[in-house]
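Below is one structure, written out as structure tokens; comments come after it.
Chains as they are written, first to last, in our numbering: chain A, 603 to 1109; chain B, 25 to 338.
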């Protein structure tokens, strides 16, 4: 019931708000100017919300964490690693000891950021008794043997050689907090904004940090507001209650893009859109059937009808345009005859297949129904099976045969290590091949980036040919902002410049 | 039976009802797919992590044991702590209560004068233009669900005309400091009860106006206003007063919808969030609050009825 009402509400709001939009003149982009309060509306988690940066899970929490804290490194716009609190890093010959040098920076209370703070932060995240999100990323650091060399150098000892260690420094949630910090009702970080006041589930007010090492923000104040319904976020911008609305649907964006009352930003290549086939069980343990699915998918139609053209087609490989992406592999195009033939060969003609979906991510329900139609045209009796949105990710990890899947930006190596190795904790396709694991181990033990590139390419070729992920598209991330807001970067969700407010200004 | 004994019996029954509701809700929440640990794990449902979360939240204890613990806490006045935020439930509730009280209180305060005035006006002008307009409006409004009315009002009066803020996003914690944000939500909450109560007042008033004592009072030459207000109206109000008690119950449900449309962080929003998060202690406490309110309001309505007609008590 609640979903129906939500869908109705947003549809009605979009339609009606669209009628109300009146064109106004857009001023040309201006020089950055100082001052003002930016109010940014995000979906929140009510009681789940926390200012503990290591607990960050929601987009809202990720954005708040980056406003108050820094990581040692972060994802650039192409998801390569850019230095932040770390100014340089270098490995020994074996790639198992890494020295990270910190830049000169200080926490909001004036204390300098020191190696001891870094070690405390990582120890807190990796604590066995706790469940922080970045724990898995940090698992290969041997923290007992890692140490501070003076105040500005950390020596990390790893459990095995690992060439992609900078990826760990940039992991989602791996923020640096002051030594001893374990309570975050009044957080102290090193980020561009200083804590002001917090009302859980309502708002967080932050103030400019004039001493920020990466240049003080243009804004005086930054206020995060909570509005779970998309229509409420849009109305808040249209009604002048907010200057930034995070996460819009393509339909809303289309309604408002020419209206002049709200500027739409499209952060391209933000969300991988996929179906995950489980390769360890019938029917998709048959590679011919996976091949058939790759060929029957009409990706252009999916982009049209599910994403309302706000995205680009995928080629069954994660990380389009990222470092190490196998751009040379030819784009798949639909071949219904070949797909039908393969389905026939696999003895799957008329077979009943249930495609798991839910409202856990926007577009999932639509994607499932469009794709099920396409599969039926190729002779599979596929139906969408909507499940519970709150428990969706746990439900589809081990159960079912095919499900809707999506992912935010992360390096290709991280995607592989978290999802595609025999021991990966969130392996939704159940892809487990010793020879593939061996390629991975060989790649991350190789100091030569070109050599790693070759190995990643080989792994991607295998995945493209017979993997379990049917990656049909990459969605744009859509934002609505007041025409006064300038300097919003076109950076994929989860990268450094996404939802970052120290470089924007109000004209 | 004396009024005191009756009240005591009803109160004891009420306590049993509240506990029964809370038990039912506990069972239903347990029957929902997944628990707080699964929801917290989100899109990284690593099994080891879920098990660890479950242990930390004490969700690995048997349901009956957790239920008994909660009940024992309730008896001591301890509502427990939220599973997801770890904050005491009483504090979480205290944060959500003021906006809901403001909404419900102002609605009830405005409801009586508006609906009585509309009902009396329609009755006096029975069959004429004003009555027909009021009838059309009240019947029409009554058939629009709150969430649809909310969206329409926001679109017209907030987005299009800009008279009121579209939502309470960014409003001060005390909504009374920015009364403009309350106008549209209260209009939505008022719409249906005003319609139903004014219809009842109109019907009662028409009966009263046609009755012998009013006709007699008029023949005596008493002023028209005085006949209406002191002779006809009190008799016309009885059915409306019963409806008012039912409206108070209804408000609890209406508030959940209205808080969601207008992004008001009250008890309704809290209920929504805690069900999504499977935060059982918060859900339980909210049910106790809602059930207690219903029991108390109905008890007061019945006591009022007892004062009016002692013989009708069963």
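Ideal Cβ positions, reconstructed from N, Cα and C, are used throughout, including at glycine.
Could you give the first and the last residue of the continuous alpha helix (DSSP H) run that contains residue i?
i: residue 288 of chain B; result: Here residue 288 of chain B belongs to no alpha helix (DSSP H), and DSSP marks it neither H nor E.
i: residue 119 of chain B; result: 113-148
i: residue 1054 of chain A; result: 1051-1068
i: residue 968 of chain A; result: 966-979
i: residue 1132 of chain A; result: Nothing can be reported for residue 1132 of chain A, as the shown portion of chain A is limited to 603 through 1109.
i: residue 93 of chain B; result: 87-99
i: residue 755 of chain A; result: Run containing residue 755 of chain A: none in the alpha helix (DSSP H); it sits in the beta strand (DSSP E), 755-759.
i: residue 164 of chain B; result: 153-166
i: residue 73 of chain B; result: 71-80
i: residue 38 of chain B; result: 27-55
i: residue 176 of chain B; result: 170-177
i: residue 633 of chain A; result: Careful: residue 633 of chain A lies outside any alpha helix (DSSP H) and carries neither H nor E.
Taking residue i as part of the beta strand (DSSP E), name the residues at either end of that continuous run.
i: residue 1007 of chain A; result: 1004-1009
i: residue 685 of chain A; result: 683-685
i: residue 737 of chain A; result: Per DSSP, residue 737 of chain A belongs to no beta strand (DSSP E); it is in the alpha helix (DSSP H), 737-740.
i: residue 766 of chain A; result: From DSSP, residue 766 of chain A is part of no beta strand (DSSP E); its letter is neither H nor E.
i: residue 988 of chain A; result: 983-988
i: residue 995 of chain A; result: Premise fails: residue 995 of chain A lies in the alpha helix (DSSP H), 994-1000, not in any beta strand (DSSP E).
i: residue 1078 of chain A; result: 1071-1083
i: residue 750 of chain A; result: 749-751
i: residue 8 of chain B; result: Residue 8 of chain B is absent from the structure shown; chain B starts at 25 and stops at 338.
Report buried or exposed for residue i, applying the criterion of at least 16 other Cβ atoms within 10 angstroms of its Cβ.
i: residue 668 of chain A; result: buried
i: residue 690 of chain A; result: exposed
i: residue 15 of chain B; result: Only positions 25 to 338 of chain B appear in the structure, and residue 15 of chain B is not among them; the question remains open.
i: residue 817 of chain A; result: exposed
i: residue 933 of chain A; result: exposed
i: residue 905 of chain A; result: buried
i: residue 125 of chain B; result: exposed
i: residue 651 of chain A; result: buried
i: residue 935 of chain A; result: exposed
i: residue 635 of chain A; result: exposed
i: residue 751 of chain A; result: exposed
i: residue 849 of chain A; result: buried
i: residue 837 of chain A; result: buried
i: residue 237 of chain B; result: exposed
i: residue 659 of chain A; result: buried
i: residue 1024 of chain A; result: exposed
i: residue 854 of chain A; result: buried
i: residue 811 of chain A; result: buried
Output needed for residue i: all residues of its chain with C-beta closer than 7 Å, excluding positions within five of it in sequence on either side, in chain order.
i: residue 178 of chain B; result: 190 and 208
i: residue 887 of chain A; result: 881
i: residue 974 of chain A; result: 957, 984, 985 and 986
By Cβ distance, which residues of its chain are closer than 8 Å to residue i, with the 5 residues on each side in sequence left out?
i: residue 1097 of chain A; result: 676, 677, 678, 679, 681 and 1011
i: residue 214 of chain B; result: 131, 134, 135 and 138
i: residue 1106 of chain A; result: 640, 820, 821, 1087, 1088, 1089 and 1090
i: residue 722 of chain A; result: 779, 780, 781, 782 and 783
i: residue 787 of chain A; result: 653 and 800
Tell me which same chain residues have a C-beta within less than 6 Å of the C-beta of residue i, skipping the five on either side of it?
i: residue 1066 of chain A; result: 918, 919 and 931
i: residue 545 of chain A; result: As shown, chain A starts at 603 and ends at 1109. That puts residue 545 of chain A outside it, with no answer to give.
i: residue 793 of chain A; result: 669, 670, 671 and 672
i: residue 921 of chain A; result: 927 and 1014
i: residue 791 of chain A; result: 670 and 671
i: residue 943 of chain A; result: none
request  = Assess, as a yes-or-no matter, whether the stretch 813-823 of chain A is touched by the stretch 879-896 of chain A under the definition of 3 or more beta carbon pairs within less than 8 Å.
outcome  = no
inquiry  = Measuring CB atoms only, is the stretch 82-95 of chain B touching the stretch 40-58 of chain B, in the sense that at least three cross pairs come out at less than 8 Å?
reply    = yes
key: 3-residue-minimum beta strand (DSSP E) runs that sit fully inside the stretch 874-938 of chain A, ordered along the chain   = 913-915
task = Run through the stretch 179-236 of chain B for me and flag every whole alpha helix (DSSP H) of 4 or more residues, listed as ranges in chain order.
result = 204-234
task = Can you check the stretch 650-728 of chain A for any beta strand (DSSP E) of at least 3 residues that lies completely inside it and give the ranges in chain order?
result = 675-677, 683-685, 688-693 and 699-704
request  = Answer yes if the stretch 1050-1058 of chain A comes into contact with the stretch 686-705 of chain A, meaning at least three C-beta pairs across the two stretches below 8 Å, and no otherwise.
outcome  = no
ask   = Are the stretch 250-262 of chain B and the stretch 217-237 of chain B touching by the rule of at least three beta carbon pairs closer than 8 Å?
value = yes
message = Is it the case that the stretch 990-1004 of chain A contacts the stretch 900-916 of chain A, given that we only count it when at least three CB pairs across the two stretches are under 8 Å?
response = no
request  = Jot down the residue ranges of each uninterrupted beta strand (DSSP E) in the stretch 785-841 of chain A, minimum 3 residues, whole runs only, in chain order.
outcome  = 795-801, 805-810 and 823-828
inquiry  = Closer than 8 Å is the cut-off here; do at least three beta carbon pairs connect the stretch 765-778 of chain A with the stretch 723-738 of chain A?
reply    = yes
Touching by the beta-carbon criterion (3+ pairs, under 8 Å), the stretch 102-112 of chain B and the stretch 296-314 of chain B = yes
ask   = Three or more C-beta pairs closer than 8 Å, one from the stretch 33-43 of chain B and one from the stretch 71-80 of chain B: is that the case here?
value = no
request  = Would you check if there are 3 or more beta carbon pairs closer than 8 Å linking the stretch 828-844 of chain A to the stretch 145-152 of chain B?
outcome  = no
Touching by the beta-carbon criterion (3+ pairs, under 8 Å), the stretch 273-282 of chain B and the stretch 97-105 of chain B = no
message = So, does the stretch 303-310 of chain B touch the stretch 195-205 of chain B, judging by three or more C-beta pairs under 8 Å?
response = no
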